[in-house]
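Following: one structure in structure tokens, then a few remarks.
2 protein chains.
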Amino acid sequence: MRYIDAFNHFNPKGYFDALLESPAGQKDIGKRVRGIPALYDLDLRRKVVEQFPDYTQVLSLGLPMIDRLWGPDKTPDMAKLANDGLAEVVAGNPKHFAGYSAVVPMNNPAAAAKEAERALKNGANAIQLGTSVNGGPIDGKEYWPLYEVIEKSGRPILLHPARAREMPDYVGEEKSKYEICSVLGWPYETGVTLSRFIFSKIMDTYPNLKVVSHHLGGVIPYLEGRVSHSFDQMGARTSDEDYEGLRKSLKKRPFDYFKDFYADTAIEGVRAPMVCGIEFFGADHVLFASDCPFDKEKGPGYIRSTIAVLESLELTTDAREKICFRNAQAMFGIK
Amino acid sequence: MRYIDAFNHFNPKGYFDALLESPAGQKDIGKRVRGIPALYDLDLRRKVVEQFPDYTQVLSLGLPMIDRLWGPDKTPDMAKLANDGLAEVVAGNPKHFAGYSAVVPMNNPAAAAKEAERALKNGANAIQLGTSVNGGPIDGKEYWPLYEVIEKSGRPILLHPARAREMPDYVGEEKSKYEICSVLGWPYETGVTLSRFIFSKIMDTYPNLKVVSHHLGGVIPYLEGRVSHSFDQMGARTSDEDYEGLRKSLKKRPFDYFKDFYADTAIEGVRAPMVCGIEFFGADHVLFASDCPFDKEKGPGYIRSTIAVLESLELTTDAREKICFRNAQAMFGIK
Chain A
302 MRYIDAFNHF NPKGYFDALL ESPAGQKDIG KRVRGIPALY DLDLRRKVVE QFPDYTQVLS
362 LGLPMIDRLW GPDKTPDMAK LANDGLAEVV AGNPKHFAGY SAVVPMNNPA AAAKEAERAL
422 KNGANAIQLG TSVNGGPIDG KEYWPLYEVI EKSGRPILLH PARAREMPDY VGEEKSKYEI
482 CSVLGWPYET GVTLSRFIFS KIMDTYPNLK VVSHHLGGVI PYLEGRVSHS FDQMGARTSD
542 EDYEGLRKSL KKRPFDYFKD FYADTAIEGV RAPMVCGIEF FGADHVLFAS DCPFDKEKGP
602 GYIRSTIAVL ESLELTTDAR EKICFRNAQA MFGIK
Chain B
302 MRYIDAFNHF NPKGYFDALL ESPAGQKDIG KRVRGIPALY DLDLRRKVVE QFPDYTQVLS
362 LGLPMIDRLW GPDKTPDMAK LANDGLAEVV AGNPKHFAGY SAVVPMNNPA AAAKEAERAL
422 KNGANAIQLG TSVNGGPIDG KEYWPLYEVI EKSGRPILLH PARAREMPDY VGEEKSKYEI
482 CSVLGWPYET GVTLSRFIFS KIMDTYPNLK VVSHHLGGVI PYLEGRVSHS FDQMGARTSD
542 EDYEGLRKSL KKRPFDYFKD FYADTAIEGV RAPMVCGIEF FGADHVLFAS DCPFDKEKGP
602 GYIRSTIAVL ESLELTTDAR EKICFRNAQA MFGIK
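Pasting the structure below:
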């Protein structure tokens with residue numbers, strides 16, 4: 302079976318050097334990325350890819366949240382550096398890398414729309430977005446020109462979780478404890494951001510926008526009962542906002558928008574949630590992805606375990622091919 | 302098949318009157334509960350129960366968060382009023398109700414431990430706790446005497462989500478929008494609170510404490526890959542806390558604690574997440590529950606749909622009986 306890995310992470314050299322020099326790069330983020338050589342060492346990364354037959358990667362930057370590293374004066378240049386670096390790696394290694402997603406300077410919304418347009422014209426196969434910008438939402442009107450650009454391109458958004466530790470676990474606390482913010486908070490914020498894309502009417506305004514949610518939809522498929530029945534009752538719990546009016550003004554049932562999103566298989570190689578997630582989104586809306594190299598082996602671990610889980614599933618040949626490579630071909634524009 | 306419904310909601314009369322008179326009861330909470338008569342009308346509630354053969358309910362109060370309704374001077378009396386009211390309803394209707402859980406005044410920790418002791422001696426079959434108290438955490442040392450009382454009793458905690466709207470969706474916002482706080486935030490906070498029970502070492506200190514998490518574990522089963530592999534790497538992302546040291550000082554692997562928790566089937570009658578959740582916790586740790594009467598029909602809807610989903614699953618007779626009533630019998634002390 303051919304596999305196109307739709308969502309995995311790599312930092313091209315010029316960008317990686319700049320990252321390490323940034324204030325955050327000299328602290329936790331730097332500590333984390335330095336410890337995973339396949340995240341920036343191209344030779345090593347190629348060797349990881351070569352372990353798997355008929356397998357290529359669509360590269361995404363290490364993390365899309367460049368707004369955590371630099372201010373809005375610098376991020377436009379840094380996004381360009383990252384995107385051109387990824388383009389070069391892909392162009393130079395077509396047997397390993399089938400394409401790449403571009404990042405945009407979300408703390409500078411006008412520049413974000415511009416960089417998306419430039420990168421997509423330059424061959425980027427998707428735009429990678431974090432679910433928040435410096436912890437704040439991404440459904441505000443200042444970002445709608447960006448979504449218009451992406452919708453027009455026909456290429457998808459790759460939505461990566463971004464919840465910051467400054468989002469505490471409970472009222473009255475200053476920050477999240479025990480890395481709960483990333484372990485649980487990331488897939489939670491994925492669900493939150495998908496919801497906000499619906500209720501802010503981004504999806505009604507840009508109905509052809511394709512949003513691929515990392516980690517198989519975050520928390521959404523498991524909360525199927527709630528995003529259907531509970532959102533159907535939106536307004537019953539609230540009196541200070543007209544949420545019933547909002548719900549009725551949407552073009553579709555809230556649940557139907559959730560089913561229209563796309564998702565990838567990057568859930569660290571577990572089986573029962575994979576069955577649940579594929580059942581929710583359907584084979585037309587799921588893309589194989591590994592999240593390489595964030596496994597314990599720092600490279601091949603999740604590729605191997607995710608392929609093994611997919612091989613263990615009872616799927617029709619048609620469904621399997623769509624998930625493993627055909628959806629990626631169509632959405633990314635890859636042969 | 303016999304069914305004992307482990308987690309569903311009812312407000313006994315005296316307590317319900319007090320709730321409506323409380324400041325919050327005169328606003329959103331009052332609006333919400335008044336609209337669901339089977340939540341407080343005993344005759345109507347009995348008729349809901351009678352629709353299902355060989356089916357009884359273990360009653361829990363409408364919501365455990367009495368700290369949102371009254372200050373710490375009043376909640377001890379209000380908890381007593383609620384618990385004695387539930388005891389009376391159960392005693393007077395043994396064919397409909399197999400038992401009840403008690404609430405405790407969590408905004409008054411010393412009184413909470415005392416009321417738990419009193420209610421359990423008086424026959425309460427469980428203690429219902431919210432995942433937060435006025436939005437704050439429940440793993441602080443002030444609550445440990447309560448957990449000691451509950452562990453000693455052998456009866457379980459029924460853990461109900463409680464995330465408040467004051468927990469915003471993103472940094473820089475004042476409150477959650479679009480009821481995301483309850484639709485997605487509730488199962489998220491369930492996962493957060495289970496995590497905090499582990500990492501605060503409540504579970505190491507009270508290893509026989511049984512925690513039944515409402516809504517089939519919140520978000521935990523779907524995040525199986527993260528609560529295993531990501532928590533195994535706890536400490537790698539953080540430099541200002543010694544989370545690696547904390548992880549190594551735990552008696553078990555973080556993942557094993559999650560597997561030791563219990564969960565109920567109250568997920569609004571959907572099938573794929575049910576399979577995923579039962580796979581995660583195992584038949585010994587799942588209890589049938591409906592969340593009655595919070596369905597669109599305001600009573601029988603989730604009972605019917607949850608039974609239908611369970612009947613559609615391929616389970617051994619042994620596993621099915623455990624889930625449907627035997628685990629409840631053992632944990633609640635019901636014949």
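In order, the protein sequences belong to chains A and B.
Using the working numbering, the final residue of the first sequence is 636, and nothing's skipped along the way.
Using the working numbering, the final residue of the second sequence is 636, and nothing's skipped along the way.
Note that beta-carbon positions come from the ideal geometry of N, C-alpha and C, so glycine has one too.
Keep in mind it's a predicted model, so treat the numbers as computed, not measured.
Under a Cβ-count criterion, where at least 16 other Cβ atoms within 10 Å of its own Cβ denotes burial, should E490/B be classed as buried or exposed? buried
Cross-chain neighbours of C593/A in chain B, by beta carbon under 8 Å: Taking a Cβ-Cβ threshold of 8 Å, none of the residues of chain B is close to C593/A; the smallest such distance is about 13 Å.
Cβ-Cβ separation, D561/A to I246/A (assumed contact under 8 Å), whole Å: Look at the range of chain A in this structure, 302 to 636, and you will see that residue 246/A is not part of it.
For A413/A, collect the residues of the same chain with a Cβ closer than 6 Å to its Cβ; drop the 5 residues on either side in sequence, then sort them by chain order. Apart from the 5 residues on each side of it in sequence, A413/A sits with its Cβ closer than 6 Å to the Cβ of V405, P406, M407 and L447 in its chain, given in chain order.
Complete alpha helix (DSSP H) runs within the region 347-420 of chain B (minimum length 4 residues, chain order): 376-393
Name the residue from G600/A, R538/A and A590/A whose alpha carbon lies nearest to the alpha carbon of A325/B. R538/A
With Q630/B as the anchor, note down where its beta strand (DSSP E) starts and where it stops. Q630/B -> not in any beta strand (DSSP E); alpha helix (DSSP H) instead, spanning N628 to F633.
Selection from L551/A, E418/A, E452/A and E443/A that minimises the alpha carbon distance to Y479/B: Distances from the CA of Y479/B to each of L551/A, E418/A, E452/A and E443/A were compared; the closest alpha carbon is that of L551/A.
For the region 315-330 of chain A, list every residue whose C-beta sits within 8 Å of some C-beta in chain B, in sequence order. K328 and D329
Run of the alpha helix (DSSP H) containing S606/B, from where it starts to where it stops: G602 to S613
If the cut is a Cβ gap below 7 Å, which residues of chain A does Y523/B touch? V520, P522, Y523, P574 and C577
Considering only C-alpha positions, which residue in the set V610/B, W371/B and F398/B is nearest to P358/B? Looking at the sequence provided, one finds Gln at residue 358/B rather than Pro. Closest by alpha carbon: F398/B.
From the beta carbon of T566/A, is the nearest beta carbon of chain B less than 8 Å away? no
Between A590/A and N309/A, which are expected to be in contact by the criterion C-beta below 8 Å, what is the C-beta distance as a whole number of angstroms? 7 Å
List the residues of chain B that T618/A touches, going by C-beta distances under 9 Å, in chain order. Those within 9 Å of T618/A in chain B number zero; the least Cβ separation is about 22 Å.
Does the separation of the CB atoms of K328/A and S501/B fall below 8 Å? Taking 8 Å as the cut-off, the Cβ atoms of K328/A and S501/B do not count as close.
Let me check understanding here. Comparing Cα to Cα, which of D385/B, P365/B, N409/B and G519/B lies closest to P373/B? Nearest C-alpha to P373/B among D385/B, P365/B, N409/B and G519/B: N409/B.
Residue burial classification, T617/A (beta-carbon count within 10 angstroms, cutoff 16): exposed
E612/B: buried (16+ other C-beta within 10 angstroms of its C-beta) or exposed? exposed
Measuring CB to CB, does Y341/B end up less than 8 Å from V350/B? no
Measure from the alpha carbon of D565/B to the alpha carbon of each residue in S454/B, G536/B, I624/B and E598/B, then state which is nearest. I624/B
Determine, using beta-carbon pairs with one atom in the region 482-497 of chain B and one in the region 384-401 of chain B, whether at least three such pairs fall under 8 Å. no
At least three beta-carbon pairs within less than 8 Å, the region 514-533 of chain B to the region 516-531 of chain A: The region 514-533 of chain B vs the region 516-531 of chain A: in contact.
Residues within the region 456-477 of chain B neighbouring chain A, beta-carbon criterion of under 9 Å: R464, A465, R466, E467, M468, P469, D470, Y471, V472, G473, E474 and S477
Contact check, P712/A vs A417/A, beta carbons under 8 Å: The requested residue 712/A does not occur in the structure, where chain A is confined to residues 302 to 636.
Can you have a look at P377/B and say buried or exposed, based on whether 16 or more other CB atoms are within 10 angstroms of its CB? Classification of P377/B: buried, given that the 10 Å Cβ count is 16 or more.
What residue ranges within the region 513-548 of chain B form continuous alpha helix (DSSP H) runs of no fewer than 4 residues, ordered along the chain? 515-518
Span of the alpha helix (DSSP H) holding A319/B? Start and end: K314 to E322.
Under three-state DSSP, which class holds I428/B? Per DSSP, reduced to three states, the secondary structure at I428/B is strand.
State the DSSP-derived secondary structure class of A325/B, mapped to helix, strand or coil. Helix, per DSSP.
By DSSP, does Y489/A sit in helix, in strand, or in coil? helix
Excluding the 5 residues flanking E449/B on each side, which residues of the same chain have their C-beta closer than 7 Å to its C-beta? Closer than 7 Å at Cβ, skipping near neighbours: Y507.
Where does D557/A fall in DSSP's three states? helix
Nearest to D318/B by CA position, among F353/B, A383/B and P555/B, is which residue? A383/B
Span of the beta strand (DSSP E), counted from its first residue to its last, around F308/A: Y304 to H310
Mind checking whether G600/A and A339/A have CB atoms under 8 Å apart? Their beta carbons are under 8 Å apart, which means G600/A touches A339/A by this criterion.
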